[in-house]
Amino acid sequence: MSNEESPASAPTDGAASETPTDAPGGPTTETVPRPVVEPTAPRGSFWTRIDRPFVFGFLVTLGGLGAIVLGLALTSLSTVLIYIALALFAALGLDPAVRLLERRGLSRAIAVLVVTLGLIVVFALLLWMVIPIVVDQISSFVRSVPGMVQEFTRSDLYATLERQFGEQFQDLVAEVQKFLSDFGNLATIGGGALKVGASIATGISGTIIVIVLTLYFLASLSGIKASLLRLAPARDRARAGDITDQITDSVGGYVMGMVVLAFFNALLAFLLYFFLGLPFPPLMATVAFCITLIPLVGSVMFWIIGTGIALFTNPIGALVFAIVYLIYMQIEAYVITPRVMNRAISIPGSLVVIGALAGGTLLGLLGALVAVPVTASILIIIKQVWVPRQDARV
Numbered sequence: 525m526s527n528e529e530s531p532a533s534a535p536t537d538g539a540a541s542e543t544p545t546d547a548p549g550g551p552t553t554e555t556v557p558r559p560v561v562e563p564t565a566p567r568g569s570f571w572t573r574i575d576r577p578f579v580f581g582f583l584v585t586l587g588g589l590g591a592i593v594l595g596l597a598l599t600s601l602s603t604v605l606i607y608i609a610l611a612l613f614a615a616l617g618l619d620p621a622v623r624l625l626e627r628r629g630l631s632r633a634i635a636v637l638v639v640t641l642g643l644i645v646v647f648a649l650l651l652w653m654v655i656p657i658v659v660d661q662i663s664s665f666v667r668s669v670p671g672m673v674q675e676f677t678r679s680d681l682y683a684t685l686e687r688q689f690g691e692q693f694q695d696l697v698a699e700v701q702k703f704l705s706d707f708g709n710l711a712t713i714g715g716g717a718l719k720v721g722a723s724i725a726t727g728i729s730g731t732i733i734v735i736v737l738t739l740y741f742l743a744s745l746s747g748i749k750a751s752l753l754r755l756a757p758a759r760d761r762a763r764a765g766d767i768t769d770q771i772t773d774s775v776g777g778y779v780m781g782m783v784v785l786a787f788f789n790a791l792l793a794f795l796l797y798f799f800l801g802l803p804f805p806p807l808m809a810t811v812a813f814c815i816t817l818i819p820l821v822g823s824v825m826f827w828i829i830g831t832g833i834a835l836f837t838n839p840i841g842a843l844v845f846a847i848v849y850l851i852y853m854q855i856e857a858y859v860i861t862p863r864v865m866n867r868a869i870s871i872p873g874s875l876v877v878i879g880a881l882a883g884g885t886l887l888g889l890l891g892a893l894v895a896v897p898v899t900a901s902i903l904i905i906i907k908q909v910w911v912p913r914q915d916a917r918v
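For reference, each letter of the sequence shown is one residue, going 525 to 918 in the working numbering.
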């Protein structure tokens with residue numbers, strides 16, 4: 525065979541895959557041709573893939589306007605949302621007492637009724653005992669402020685401060701005495717009588733709304749839980765129910781623990797003011813109970829307030845009050861609080877501080893009150909949901 529015929533007899537590499545190869549004396553085999561893959565054009569950016577840019581832009585604008593309207597609506601409903609949050613918080617705090625009565629054999633409705641009646645009786649007795657005394661002592665306090673300032677100017681502490689700061693301190697005390705001696709100025713401290721009256725009316729109506737919502741939430745708490753659990757997939761409802769019970773138990777235990785600690789603070793404040801001969805023991809006990817409900821800083825705030833008020837009438841008594849209450853704060857921090865709170869809620873101290881600061885910055889006093897149980901709830905969700913899911917990944 526000549527050299528010109530050899531290329532025709534030898535197939536190229538591209539045709540070799542499609543030409544059957546027969547073994548000498550063997551059967552003929554057929555090969556399947558390879559699929560042809562068409563080259564694809566490079567994908568463009570997100571904006572180049574939009575088919576109808578006008579419709580897309582309209583939907584984006586509509587979504588932005590909807591978000592703005594929703595934000596304005598939430599801002600307008602902030603008071604209502606605060607009432608709902610307080611009522612739910614109170615209902616979760618009373619739920620352990622209701623469940624305790626349920627374990628004793630009472631039905632849910634009877635247990636809620638007993639707890640509600642007990643709460644009404646306690647509040648009625650508290651108002652009957654405290655309000656007349658508080659009103660009388662507030663009036664007495666306002667009338668005695670100028671005399672307290674004058675008595676302070678005759679004390680040894682005033683003489684020491686006067687020697688230390690000279691005429692600047694004298695001018696400051698004179699201005700304070702002049703301001704407090706004018707009852708018109710005392711009225712302007714609260715924004716005037718009309719504003720004070722409106723604030724009192726708003727507070728009373730808000731309290732009634734919160735109480736009514738609390739009773740509704742307390743009576744239907746089990747139904748609310750069941751309805752929310754039905755939103756979860758059936759396979760996850762048991763686990764979601766367990767997590768929900770842990771969260772509600774933590775919040776309820778935290779609320780009851782804070783009430784117990786606030787009661788101890790109020791009792792100590794009343795006893796110290798009474799036995800040291802300091803003015804307004806019932807008023808200061810009420811103030812102590814309300815202020816020490818604030819986590820972390822409540823006790824410190826009342827320590828400063830109680831010492832400052834006692835300083836105007838009895839410097840020695842103020843010193844004794846400051847020392848005894850400071851000792852109690854240490855006992856509360858290291859003995860009472862771990863025994864009362866750790867059964868209900870257990871989170872690192874650093875997260876307590878961070879949560880309280882964040883809650884107070886976002887929502888003020890309400891945020892500071894709910895920051896710790898919210899932080900504990902987030903930790904429970906992380907431990908029960910997120911961590912197991914991450915552990916399951918290889």
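For every residue, glycine included, the Cβ atom is placed at its ideal position computed from N, Cα and C.
Given the structure is predicted, the values throughout are model-derived calculations rather than measurements.
Item to check | Extent of the continuous alpha helix (DSSP H) to which W827 belongs | outcome: For this step, residue 827 is matched to residue 303 along the sequence shown. G822 to T837 is the extent of the alpha helix (DSSP H) around W827.
Next on the checklist: Quick check on the burial criterion: 16 or more other C-beta atoms within 10 angstroms. Buried or exposed for I771?
Outcome noted: Sequence index remark: in the sequence shown, residue 771 carries index 247 (1-based). Around the beta carbon of I771, 16 or more other beta carbons lie within 10 angstroms, which makes this residue buried.
Item to check | As assigned by DSSP and simplified to three states, the class of D575 | outcome: Counted from its first residue, the sequence shown places residue 575 at position 51. If DSSP states are grouped into helix, strand and coil, D575 belongs with coil.
Next on the checklist: Could you tell me which whole alpha helix (DSSP H) segments of length 4 or greater appear in the stretch 841-879?
Outcome noted: 861-865
Item to check | Residue interval of the alpha helix (DSSP H) (run including F787) | outcome: As a first step, residue 787 must be located in the sequence shown, where it is residue number 263. That run of the alpha helix (DSSP H) goes R761 to F799.
Next on the checklist: Could you compute how far the alpha carbon of D769 sits from the alpha carbon of V593?
Outcome noted: In the sequence shown, counting from the first residue as 1, residue 769 sits at position 245. In the sequence shown, counting from the first residue as 1, residue 593 sits at position 69. When rounded, the distance between both Cα atoms is 35 angstroms.
Checklist entry - Where does G690 fall in DSSP's three states? => result One-based indexing of the sequence shown puts residue 690 at position 166. Coil.
Checklist entry - What whole-angstrom Cβ distance do I606 and L796 have, given they're in contact under 8 angstroms? => result In the sequence shown, the residue the question calls residue 606 occupies position 82. In the sequence shown, the residue the question calls residue 796 occupies position 272. Contact doesn't hold; Cβ gap of about 34 angstroms is too wide.
Next on the checklist: Report the CB separation of G822 from T816 in whole angstroms; it is logged as a contact under 8 angstroms.
Outcome noted: Counted from its first residue, the sequence shown places residue 822 at position 298. Counted from its first residue, the sequence shown places residue 816 at position 292. Indeed, because the Cβ distance is near 4 angstroms, the residues count as touching under 8 angstroms.
Next on the checklist: Classify L850: buried if its beta carbon has 16 or more other beta carbons within 10 angstroms, exposed otherwise.
Outcome noted: The residue you call residue 850 lines up with position 326 of the sequence shown. Classification for L850: exposed.
Checklist entry - Based on Cα-Cα distance, which residue from M825, S874 and V859 lies nearest to A793? => result One-based indexing of the sequence shown puts residue 793 at position 269. Residue M825 is the option with its Cα nearest to A793.
Checklist entry - Helix, strand or coil: which one does DSSP assign to A892? => result For the purposes of this step, residue 892 is taken as residue 368 along the sequence shown, with counting starting at 1. In the three-state reduction of the DSSP assignment, A892 falls in the helix class, which pools H, G and I.
Item to check | Whole-number beta carbon distance between I860 and F788, since they are thought to touch under 8 angstroms | outcome: Along the sequence shown, one-based indexing puts residue 788 at 264. Along the sequence shown, one-based indexing puts residue 860 at 336. In this structure F788 touches I860 by the C-beta definition: roughly 7 angstroms separates them, less than 8 angstroms.
Checklist entry - Do G841 and L800 have their CB atoms nearer than 7 angstroms? => result Reading the sequence shown from its first residue, position 317 is the one you call residue 841. Reading the sequence shown from its first residue, position 276 is the one you call residue 800. Cβ atoms of G841 and L800: closer than 7 angstroms.
Item to check | Outcome for L752 when other beta-carbon atoms lying within 10 angstroms are tallied against a minimum of 16 | outcome: Taking the first residue of the sequence shown as 1, we reach residue 752 at position 228. Classified as exposed, L752 has fewer than 16 neighbouring CB atoms from the shown chains inside 10 Å of its CB.
Checklist entry - For K907, is the classification buried or exposed, using 16 other Cβ atoms within 10 angstroms of its Cβ as the cut-off for buried? => result Here residue 907 refers to the residue found at position 383 when the sequence shown is read from its first residue. Result: exposed.
Next on the checklist: Using CA atoms only, rank isn't needed, just tell me which of S901, D766, L737 and P805 is closest to A750.
Outcome noted: What you label residue 750 is simply residue 226 of the sequence shown in a count that begins at 1. Checking every option, the nearest Cα to that of A750 belongs to D766.
Next on the checklist: Taking contact to mean 3 or more Cβ pairs, one atom from each stretch, closer than 8 angstroms, check whether the stretch 772-782 and the stretch 804-812 are in contact.
Outcome noted: Three or more beta-carbon pairs separated by less than 8 angstroms are not found between the stretch 772-782 and the stretch 804-812, which leaves the two stretches without contact.
Checklist entry - Applying the criterion that 16 or more other CB atoms from any shown protein chain within 10 Å of the CB defines a buried residue, is I828 buried or exposed? => result The count along the sequence shown starts at 1 and reaches residue 828 at position 304. I828 comes out exposed.
Item to check | Same chain only: Cβ atoms within 6 angstroms of I657, ignoring 5 sequence neighbours per side | outcome: The sequence position of residue 657 within the sequence shown is 133, counting from 1. Result list for I657: P806, in chain order.
Item to check | For S668, the three-state DSSP class (helix, strand or coil) | outcome: Taking the first residue of the sequence shown as position 1, residue 668 is located at position 144. Of the three classes helix, strand and coil, the one that applies to S668 here is helix, per DSSP.
Next on the checklist: For a quick check, are the C-beta atoms of V622 and A635 less than 7 angstroms apart?
Outcome noted: Counting from 1 along the sequence shown, the entry for residue 622 is found at position 98. Counting from 1 along the sequence shown, the entry for residue 635 is found at position 111. For V622 and A635, yes; Cβs fall inside 7 angstroms.
Item to check | Whether V864 touches G781 by CB criterion (7 angstroms) | outcome: Position 340 of the sequence shown, counting from 1, holds the residue named residue 864. Position 257 of the sequence shown, counting from 1, holds the residue named residue 781. Yes; because the gap between Cβ atoms is below 7 angstroms, this pair is in contact.
Item to check | Cut-off 8 angstroms between Cβ atoms - residues of its own chain near L903, not counting five sequence neighbours on either side | outcome: On the sequence shown, residue 903 is found 379 positions in, with the first residue counted as 1. Taken in chain order, the residues that qualify are I871 and L875.
Next on the checklist: Rounding to the nearest angstrom, what Cα-Cα distance links L696 and A846 in this structure?
Outcome noted: One-based indexing of the sequence shown puts residue 696 at position 172. One-based indexing of the sequence shown puts residue 846 at position 322. For L696 and A846, the distance between alpha carbons rounds to 25 angstroms.
Next on the checklist: Within a Cβ cutoff of 7 angstroms, which residues of the same chain sit near A880, ignoring the five residues on either side of it in sequence?
Outcome noted: Within the sequence shown, numbered from 1, the residue matching residue 880 stands at position 356. So the qualifying residues of the chain are P819, L820, A892, A895 and V896.
Checklist entry - In the structure shown, what three-state DSSP assignment does R754 receive? => result For the purposes of this step, residue 754 is identified with residue 230 of the sequence shown, where counting begins at 1. It is coil, neither helix nor strand.
Checklist entry - Taking D619 as the reference, which of I608, L610 and V639 has the closest Cα? => result The count along the sequence shown starts at 1 and reaches residue 619 at position 95. Looking at the Cα atoms, V639 is the closest of the given residues.
Checklist entry - Quick one, which of Y852, P839, V848 and A857 has its alpha-carbon nearest V673's? => result Looking up residue 673 in the sequence shown gives position 149. The option with the nearest alpha carbon to V673 is P839.
Checklist entry - What did DSSP end up calling F804 once you bin it into helix, strand or coil? => result By one-based count along the sequence shown, residue 804 stands at place 280. Residue state, collapsed to three classes: coil.
Next on the checklist: With a threshold of 7 angstroms between beta-carbons, can L696 be considered close to chain C, or not?
Outcome noted: Protein chain content of the structure displayed is limited to a single chain, and chain C is not contained in it.
Checklist entry - Can you tell me whether DSSP reads L696 as helix, strand or coil? => result Start at 1 with the first residue of the sequence shown, and residue 696 comes out as number 172. The answer is helix: DSSP assigns L696 an H, G or I state.
Checklist entry - So Y682 and F689 are in contact, right, with Cβ under 8 angstroms, and what is the actual spacing, rounded? => result As a position in the sequence shown, residue 682 is number 158, starting the count at 1. As a position in the sequence shown, residue 689 is number 165, starting the count at 1. So it is not a contact: roughly 11 angstroms between Cβ atoms.
Checklist entry - Among L785, V844, L745 and A633, which has the Cα closest to the Cα of Y858? => result By 1-based counting over the sequence shown, the position of residue 858 is 334. Among L785, V844, L745 and A633, the Cα nearest to that of Y858 belongs to L785.
Checklist entry - Out of curiosity, what's the CA-to-CA distance linking F693 and I728? => result Numbered from its first residue, the sequence shown carries residue 693 at position 169. Numbered from its first residue, the sequence shown carries residue 728 at position 204. The straight-line gap separating the alpha-carbon atoms of F693 and I728 is approximately 41 angstroms.
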